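Going down the list, the protein sequences come from chains A and B.
All residue numbers in the first sequence are consecutive under the numbering used here, ending with 272.
All residue numbers in the second sequence are consecutive under the numbering used here, ending with 1292.
Glycine included, C-beta positions come from ideal geometry on N, C-alpha and C.
Please read all numbers here as calculations on a predicted model, not as lab measurements.
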Amino acid sequence: MVERQSWIKSISLYLLLLAFLFPFLLIVMNSFKKTQYFVDNPLAFPTSFSFDNYISAFKSMQFPQAFVNSLLITVISVLIIILFSSMTGYLLVRFKWKVNNVLFYVMLASMTIPFQVIMIPLVMIYGNMGLLNTKTILLFMYTGFGIPFGVFTFHGFIKGVPYELEESAFIEGSSRFNTFFRIILPLLKPVIVTLVVLDVLWIWNDYLLPSLVLLSPEHRTLPLSTFAFFSSYSVDYSPLMAGLIMTIIPVLVLYLFLQKQIIKGITEGALK
Amino acid sequence: MKKNTLKNVGTFLLFGGPSTFAFTAVVLIPFIVGLYLTFTNWDVATNDGSLIGFSNYVDVFHDKIYLGQLWFTIKYVFFTVLISNLIAFFVALALTSGIKGEQWIRTGFFTPNLIGGIVLGYLWQMLFSQVLPYLGEKYGWTLFETSWLTSTGSAFWALVIATSWQLVGYLMIIYIAGFSGVPHDVLEAASIDGAKRSTIVKKVILPLSVPAIVICIFISISRAFLTYDINLALTKGGPFNSTELASYHIVKKAFLSNQYGIGQAEAVVLFAVVAIVALTQSYLLKKMEVES
């Protein structure tokens, strides 16, 4: 009886999973077909494999450029966020100055503000200064948005790091700056991994902020070029599906390598 | 003494300077300017405006279109939160009760979270506009015969389904973490006492995982209220602007109609609605919390 029940449970769970993954299977299958065959029967397996759709999407999405843009913006922003927020997290733990407490609580409170409340004045201010439409300003904005959560996360971890670890380094005459990089930063590895995972998923997939900041086509990130691609080729489905798959693959590869860390990162990020 | 202060200022600037600068320039100043903006009739063309008091907020509360969309958003949030949390809860429950291939199933359910709203929206757009109508016609399922995206009622459910599809995997991870916090001896004691599985879930697991439920509902409420990308890619607000969620409306108001003042006032109202709903549910649910 119990045996049979758990069988039913397993099977229904697998069926649900299949239904969940069905959209992915479908676009993979159809990305190898001609649009005509997709419209005729979207559920049929492709009779012949052709990479034509991928080639045409690759060209019309300007995939290499969008990929490099996304990669540059994601990697550099995440590096800057990690560096700045770990240093600030350290500062806020080790020095209980009034200004530090104020900074900490202001950052904490700011994490509740949705992007929608910031975006209009953001575009207005930076637009007036003529600073929009460069990758550098987007990097700067991601840094600003990413720092509160980073500082908060590092702050929580560094609180548990005993001061004695640094003391001997100070006695040997090491400066605070060097001590931080030699002694503290290596200890932060688990938090850094968590933050990298969360920030990469956020920045790589973000659409709204870059759509407001990056206006020229040559700056487009992958989500922006996917959007542009779909707006201009809305009837030719097969290349569109190939385009979607090419956008998904980079994160999918990352996921397969970092699965455990990603799951851990999400759990910790949410429970904070 | 003076030398020490100087040194402290140096330390602050070195360790906190860059962060504080970026944070202030990107989050703090725009937030304050944004609040100011809601009290002006800012004109984008002349880049000037004068203070007009609360008139923008009054306009927002008299704008039947925005209020309609806000109500539409609230309904969308309600069903998205309900459906995604129910599925995530039961999937997590099944996964923690010892099932073959647990790791794989978990990985599978989480996959939709790797992709952004734009890709996700287009993926479902093709399903709803091409694949499902094909199935409907072939097998005579009237439910699917016409594309769901062509009428307001069904496009609403398309939005709910696509959003839940992504949220389930994310919430599942948190529920799993929550369930693993339920002590083993309590579960064992219950089953030795002869409690049925359904009773154990209702009387033991459910009350003990209230903290996880609070977090999950909080996260799903705030994410659903701010949905923009999926809305843009899946329905583009159509048919006839009838499926525009609040965020979509604000972006249009500000950057297509160039009404910064009203757009910003609408954003502040949306923020207030999210905060009230999310905090109220946390407060109410937290009362149900028990110690094991």
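Within 10 angstroms of its Cβ, does residue i collect 16 or more other Cβ (buried), or is it exposed?
i	result
B/T1005	exposed
A/R182	exposed
B/F1054	exposed
B/Q1259	buried
A/Y126	buried
A/M273	There is simply no residue 273 of chain A to check, as chain A begins at 1 and stops at 272 in what is shown.
A/A109	exposed
A/Q116	buried
B/Q1166	buried
B/S1220	buried
A/P162	exposed
A/M61	buried
A/M111	exposed
A/S50	exposed
Going by C-alpha distance, which of the options is nearest residue i?
i	options	result
A/G160	A/F22, A/I184, A/L108	A/I184
A/Q5	B/P1207, B/D1063, B/K1003, B/S1097	B/S1097
A/V151	A/I81, A/A57, A/P162, A/T179	A/I81
B/P1239	B/L1149, B/D1048, B/D1063, B/R1106	B/L1149
B/L1035	B/V1268, B/T1280, B/V1273	B/V1268
A/G156	A/F104, A/L132, A/Y207	A/F104
B/G1136	A/F22, A/P42, A/A66	A/P42
A/G269	A/A169, A/F149, A/E218	A/F149
B/L1013	A/A169, A/F177, A/F22	A/F177
B/S1222	A/I113, A/P186, A/Q65, A/L244	A/I113
A/N101	B/R1106, B/K1236, B/T1020	B/T1020
B/V1009	A/G173, A/F170, A/V99, A/S168	A/V99
A/L208	B/K1203, B/L1226, B/G1194	B/L1226
B/K1100	A/M87, A/K9, A/T74	A/K9
B/L1245	B/T1011, B/K1138, B/V1044, B/I1065	B/I1065
B/V1182	B/E1102, B/Q1069, B/V1204	B/V1204
Based on the DSSP output, what are the partners of residue i in its beta bridges?
i	result
B/T1040	B/L1051
Output the distance between the C-alpha atoms of residue i and residue j, rounded to the nearest integer angstrom.
i	j	result
B/T1073	B/A1155	13 Å
B/T1080	B/L1114	19 Å
A/M129	A/T226	29 Å
B/W1124	B/N1231	11 Å
A/Y142	A/T136	10 Å
A/M119	A/S48	47 Å
B/A1190	A/L188	41 Å
B/F1144	B/V1131	9 Å
A/Y278	A/F24	Outside the displayed span of chain A (1 to 272) sits residue 278 of chain A, for which this structure offers no information.
B/A1233	B/F1218	25 Å
A/L222	A/T247	7 Å
B/L1067	B/F1271	14 Å
A/L201	A/I147	16 Å
B/V1033	B/P1018	21 Å
B/A1164	B/M1288	Ala is not the amino acid found at residue 1164 of chain B; the sequence shown has Ser there. Taking the straight line from one Cα to the other gives about 26 Å.
B/S1129	A/W7	36 Å
B/G1016	A/A228	39 Å
B/S1247	B/I1052	24 Å
A/I266	A/L198	7 Å
B/N1085	B/L1206	13 Å
A/L224	A/S216	11 Å
A/P46	A/H219	35 Å
B/L1095	B/I1200	16 Å
B/I1250	A/V78	29 Å
B/V1160	B/T1243	11 Å
B/V1273	B/T1142	38 Å
Just to confirm, are residue i and residue j a CB contact at a threshold of 7 Å?
i	j	result
B/P1133	B/S1147	yes
B/A1212	B/Y1170	no
B/M1172	B/V1077	no
B/A1275	B/T1038	no
B/V1210	B/S1282	no
A/I11	A/V93	no
B/G1261	B/T1040	yes
A/P190	A/N53	no
A/V193	A/Q261	yes
A/L17	B/P1030	no
B/V1168	B/A1088	yes
A/A57	A/A242	yes
A/G144	B/F1109	no
A/Y237	A/F180	no
A/N205	B/G1116	yes
A/L256	A/I27	no
B/I1118	B/D1229	yes
B/K1253	B/G1237	no
Q: Quick one: which residues of the segment 95-113 of chain A get their C-beta closer than 8 Å to a C-beta of chain D? List them in chain order.
A: Here chain D cannot be found, since the structure's protein chains are A and B.
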